[in-house]
Amino acid sequence: MTQLGKTGEAIAKEHFELLGFEFVEQGFRYERAETDLIFKDDTKKIIIFVEVKTRRSKMFGEPEESVTERKMQQMIHSAQGFIMLNPKYDDYEKRFDIAAIMIENGKAKMNHIINCF
Numbered sequence: 002m003t004q005l006g007k008t009g010e011a012i013a014k015e016h017f018e019l020l021g022f023e024f025v026e027q028g029f030r031y032e033r034a035e036t037d038l039i040f041k042d043d044t045k046k047i048i049i050f051v052e053v054k055t056r057r058s059k060m061f062g063e064p065e066e067s068v069t070e071r072k073m074q075q076m077i078h079s080a081q082g083f084i085m086l087n088p089k090y091d092d093y094e095k096r097f098d099i100a101a102i103m104i105e106n107g108k109a110k111m112n113h114i115i116n117c118f
């Protein structure tokens, strides 16, 4: 992972924790699919699978525009693998979010897309 990617994931992790979600795992891999960050809220029985996209410029569009249909399918596959390996979350609501982060001139701006699909 690049330094930019690590920075983006750290920003997203802090954001979700400030929202009150408990961090579960980072970089979960299942077969060829990966989930960047996983959070939970045991009170609301929700588990959140987060894709983090970080960019330095909009030359190739907004960060969230790079989450393709294929990437969404990989997120679902990774989440299914996580639930299969962690059945205690089977009855939790599953949510997929995008943390789209733009870092320009040393300042980060995040667009948190809740329940992106």
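For what it's worth, the numbering used here labels the leading residue of the sequence shown as 2, then goes sequentially.
Don't be surprised by glycine CBs; every beta carbon is placed ideally from N, CA and C.
*Can you grab the Cα-Cα spacing for the pair F61 / M85, in whole Å?*
Between the alpha carbons of F61 and M85 lies a gap of roughly 36 Å.
_Closest Cα partner of N87 within the set V25, M2, I12 and F17_ = Relative to N87, the option among V25, M2, I12 and F17 whose CA is nearest is V25.
*Assign T8 to one of three DSSP states: helix, strand, or coil.*
Helix, per DSSP.
*Going straight from the alpha carbon of A101 to that of E63, what length do you get?*
Their backbone Cα atoms lie some 8 Å apart in a straight line.
*Following the continuous beta strand (DSSP E) through G28, name the residue where it begins and the one where it ends.*
Where G28 is concerned, the enclosing beta strand (DSSP E) stretches over E23 to Y31.
*Please work out which residues of its chain come closer than 7 Å, Cβ to Cβ, to E65, disregarding the five sequence neighbours upstream and downstream, and give them in chain order.*
Counting only Cβ-Cβ distances below 7 Å, and skipping sequence neighbours, we find K54, I99, A101, N112 and I114.
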